[in-house]
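Chains as they are written, first to last, in the numbering used here: chain L, 1 to 239; chain Y, 1001 to 1239. Here a beta-carbon is modelled for each residue, glycine too, at the ideal position from N, C-alpha and C. Predicted, not measured: the structure shown is a model, and the values here were computed from it. Structure first, commentary second.
Below you can see the structure in the form of structure tokens.
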């Protein structure tokens, strides 16, 4: 059997970055990891941001939630400490914010190109571990896409067409809402087991085991028409 | 949410042809059909056939199972009557048999090209509804592949390389065995609900509903690190 894992994330979300790593730690130890398919789904923490708005994340957070900038910076240092524990680089200063809608569109394109994992890793690295600004800069985004192995012209075409994969992003967000997810990361294992947040690797390991271990439930009548190594059984014509 | 349906089939299997249609009848009526992903998996009814062996299916069946050829032909007429009930063309004479291994390899290639559904339909049509022989004839197989929308050169490359997708076929077969499937068609809905055989459309409808209706089961602690519309909560640093 195979297990599918759906992971709702936002590029703006530090705990998605950390949660991905913890999930991967569990996946690396999972005996049937080659039979696990991971699909990253879209979730915008702030879907109302205009595409051209960006700026310092600490100041933005301080303003948005009415906390001192120092506290927002302390938050960043707290997250950086957690990131360091799982071996992830995390810059505590200068991270920017902005709309992630185009990035999610590009992640859907990357899924079709089997490069989604690479693109998400590259986006997280660009956002959390590299000094250069990421948001509101199309050429920077294209650089990241190319680094992830996407064809530059294809990626440019996706970005140039605001409708490309836009519905796919919105469908993902509707599905997250329908599942009751109000924050990210949000993981669903085998369509059944939900893990909310950057939980310890052990939690992800348990969810993988649960999804894997589910026994099949037979549906329908027992004696239906099948073909097997001994031929096709046709009730009513052979006896 | 989305539901994945895995369907083990063989091109040699009349009930897979019928079962696919009955499943599609249920799928057409299913309100969330756009969120259902169908993946066709490999199952060879006779994995020991040499690639160049082929011949009349009625005579082959008669010989293999020690029944009169007339009875094998009567079987075919019985299946044709069932096929007619679901609007499928089915020739009762002249169907050939042979190894389906290369067809399964090509179906895996088609899956990557998003043409699997088209190729399987074209293979079934070629085998059950068209007079021309199908097995052991590479050019005929290429014709069918092109008709299904595959690039001819790509398809030829897959057929020319006996290793291409060979492991994928074998993995599918191992998984079917691990799931206890001894015949086909064999359907697994949402990794959980199994339907064996060409059951009535109502059975497939029920399996779709069951897979769709499964509620999420939360795993892990309640208060984990998440980011939401109101920011990222970092236990221990903000209070």
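So, under 8 Å CB-CB, residue 1106 of chain Y and residue 1119 of chain Y are touching, yes? Tell me the CB distance rounded to an integer number of Å. 7 Å
Considering residue 203 of chain L, what are the terminal residues of the alpha helix (DSSP H) in which it resides? 201-213
Do you know how far the Cα of residue 40 of chain L is from the Cα of residue 117 of chain L? 8 Å
Determine, using beta carbons only, whether residue 92 of chain L comes closer than 8 Å to chain Y. no
What residues of chain Y sit near residue 193 of chain L, judged by a beta carbon separation below 9 Å? 1216, 1217, 1218, 1219
Tell me, please, whether the CB atom of residue 1149 of chain Y is closer than 8 Å to any CB atom in chain L? no
Could you say which of L:211, L:129, L:15, L:34 lies nearest to residue 1225 of chain Y if we only look at CA atoms? L:15
Residue 80 of chain L and residue 129 of chain L closer than 8 Å at C-beta: no
If the cut is a Cβ gap below 7 Å, which residues of chain L does residue 1197 of chain Y touch? 224, 225, 226
How about the stretch 1047-1064 of chain Y and the stretch 184-199 of chain L: do they share at least three Cβ pairs that are nearer than 8 Å? no
I want to see whether chain Y comes within less than 8 Å of residue 20 of chain L, judged by CB atoms only; does it? no
Chain Y within 8 Å of residue 207 of chain L, Cβ atoms only: yes
I need the straight-line Cα distance from residue 68 of chain L to residue 1191 of chain Y, nearest angstrom please. 49 Å
Determine the closest residue to residue 1073 of chain Y out of Y:1086, Y:1091, Y:1087, with distance taken between C-alpha atoms. Y:1091
By how many angstroms is the C-alpha of residue 1003 of chain Y removed from the C-alpha of residue 1194 of chain Y? 13 Å
Residue 1046 of chain Y versus chain L: which residues are under 9 Å apart at the beta carbon? 229
Contact set between the stretch 1116-1150 of chain Y and chain L, restricted to residues whose Cβ is under 9 Å from the partner: none
Apart from the five residues just before and just after residue 237 of chain L, which ones in its own chain have a Cβ nearer than 7 Å to its Cβ? Bear in mind that the predicted position of residue 237 of chain L carries a pLDDT of just 41, short of 50, making it unreliable; the figure below should be weighed with that in mind. None.
So, using beta-carbon positions, are residue 159 of chain L and residue 138 of chain L closer together than 8 Å? yes
What are the complete alpha helix (DSSP H) segments, minimum 4 residues, inside the stretch 6-61 of chain L? 14-29
Under a Cβ-count criterion, where at least 16 other Cβ atoms within 10 Å of its own Cβ denotes burial, should residue 1095 of chain Y be classed as buried or exposed? buried
C-alpha gap between residue 1084 of chain Y and residue 1078 of chain Y, whole angstroms: 10 Å
Tell me the DSSP secondary structure of residue 1095 of chain Y in three-state form. coil
What's the C-alpha gap between residue 65 of chain L and residue 87 of chain L? 30 Å
Cα-Cα separation between residue 1188 of chain Y and residue 1006 of chain Y, rounded to whole angstroms: 5 Å
Would you be able to state if there are at least three C-beta pairs under 8 Å between the stretch 1032-1050 of chain Y and the stretch 207-215 of chain L? no
Which residue marks the beginning of the beta strand (DSSP E) containing residue 1124 of chain Y, and which one marks its end? Element bounds for residue 1124 of chain Y: not the beta strand (DSSP E) but the alpha helix (DSSP H), 1116-1124.
Is the Cβ of residue 1014 of chain Y closer than 8 Å to any Cβ of chain L? yes
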